[in-house]
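Numbering (the numbering used here), first residue to last: 222 to 544. Every residue, glycine too, gets a C-beta built ideally from N, C-alpha and C. The structure displayed is predicted, hence computed values, not measured ones. Before any comments, here is the structure.
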């Protein structure tokens, strides 16, 4: 872990004044860069150095924090030093706020938004998109090759196109080739198992689930959702389905052909069944349905907590987005 210049006092001030409905309108000037089910990603406009903060308000005690930090550091170390992925500089910051609640941030060197995969695919031509897919698949192969060669360690990965950044990409000259290098940026969720034991506490990721759904989600979905990040074929289906969300469905048949060719010619030792358009479409429709239901339930939960019970709601919910 490389220490970045983090001003804890500014983060404490942010937590005192954050408006989770409109986080950019708070007392501390920030710019929202992205979000996840449990996180808000932003930059502090007062920072001199380019730093991205991922706010993850899911921890109840220091034991949980320490376990996550150990897993986070080890995951980054393995991906960087043993697997051979390019990663941004990273760090963590955490403290107890004025209400004695733990506030936790994964911190990364901020990368150029224009060079992130989900932005790039709207600029490059179809041939270069196929090149990008091969480059991503080669990075993912490093991960599954590592797991294949290590009996006690099983690595997982979230292979969405938005988790890869193109090194040296120029948006004014949007071209890539097979020598283009990628950086993997989604390392805050330590997806690995040692001797079958999950390094992270998976149940913590239920914290953003409304209390009235938590038991059902845990029983019906939690293991399945976590397991799919360890299955290269399912991770690849998720990568392809991303192009529906990114409003580029016309590219999907060609991407499927490219992926199946890759599995056959460059990863035949994994014996992965060819992917079909029908299963990608089915996966996406199911994922979209779950997303809509889950987001609506979270909005109800937020309303109940903030308006009815006058309590703080910890998670950022985006406005309606295209999927």
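Quick check: what's the CA-CA separation for residue 266 versus residue 434? Walking along the chain shown from the start, residue 266 turns up at place 45. Walking along the chain shown from the start, residue 434 turns up at place 213. Rounded to whole angstroms, residue 266 to residue 434 spans 37 angstroms at the Cα level.
Which residues DSSP lists as bridging residue 340, in chain order: Your numbering for residue 340 matches position 119 in the chain shown. Per DSSP, none; premise fails for residue 340.
Give a yes or no on contact between the stretch 249-268 and the stretch 230-238, applying the rule of three or more CB pairs nearer than 8 angstroms. yes
Around the Cβ of residue 528, are there at least 16 other Cβ atoms within 10 angstroms (buried) or fewer (exposed)? Stepping through the chain shown from its first residue, residue 528 is reached at position 307. Classification for residue 528: exposed.
CA nearest to the CA of residue 415, picked from 260, 452, 390 and 376: Along the chain shown, one-based indexing puts residue 415 at 194. Comparing Cα positions, the closest option is 376.
Could you tell me the alpha carbon to alpha carbon distance between residue 525 and residue 443, rounded to whole angstroms? To locate residue 525, count along the chain shown from 1; it is residue 304. To locate residue 443, count along the chain shown from 1; it is residue 222. The alpha-carbon of residue 525 is positioned some 24 angstroms away from that of residue 443.
If you follow the beta strand (DSSP E) that residue 274 is in, where does it begin and where does it stop? If you number the chain shown from 1, residue 274 lands on position 53. Run containing residue 274: 272-276, per the beta strand (DSSP E) assignment.
Report yes if the CB atom of residue 519 is closer than 8 angstroms to the CB atom of residue 429, and no otherwise. The residue given as residue 519 occupies position 298 in the chain shown. The residue given as residue 429 occupies position 208 in the chain shown. Yes, the pair counts as a contact, with Cβ atoms nearer than the cut-off.
What are the boundary residues of the beta strand (DSSP E) that residue 325 is part of? One-based indexing of the chain shown puts residue 325 at position 104. Unbroken beta strand (DSSP E) run through residue 325: 323-330.
Residue interval of the alpha helix (DSSP H) (run including residue 251): On the chain shown, position 30 is the one that residue 251 refers to. Careful: residue 251 lies outside any alpha helix (DSSP H), inside the beta strand (DSSP E) at 251-256.
Give, in chain order, every unbroken run of the alpha helix (DSSP H) that is at least 4 residues long and sits entirely within the stretch 483-532. 498-524
Would you give the residue range spanned by the alpha helix (DSSP H) that residue 456 belongs to? For the purposes of this step, residue 456 is taken as the residue at position 235 of the chain shown. Its alpha helix (DSSP H) spans residues 453-466.
Can you give me the C-alpha to C-alpha distance between residue 516 and residue 426, rounded to a whole angstrom? As a working note, residue 516 is residue 295 in the chain shown. As a working note, residue 426 is residue 205 in the chain shown. Cα to Cα, the separation comes out at about 15 angstroms.
Cβ neighbours of residue 339 in the same chain (closer than 7 angstroms, five flanking residues each side left out): Position 118 of the chain shown, counting from 1, holds the residue named residue 339. 382, 383 and 467, listed in sequence order.
Could you work out which residue in 402, 495, 438 and 308 is closest to residue 457 when comparing CA atoms only? Counted from its first residue, the chain shown places residue 457 at position 236. Residue 457 has its Cα closest to that of 495, out of 402, 495, 438 and 308.
Can the beta-carbon of residue 408 be found closer than 8 angstroms to that of residue 296? The residue you call residue 408 lines up with position 187 of the chain shown. The residue you call residue 296 lines up with position 75 of the chain shown. In contact: residue 408 and residue 296 (Cβ atoms closer than 8 angstroms).
Go ahead and pull the three-state DSSP assignment for residue 240. The count along the chain shown starts at 1 and reaches residue 240 at position 19. Correct three-state label for residue 240: coil.
Count the other C-beta atoms from every protein chain shown that fall within 10 angstroms of the C-beta of residue 373, then say buried if there are 16 or more, exposed otherwise. Translated into positions along the chain shown, residue 373 becomes position 152. Under this definition residue 373 is an exposed residue.
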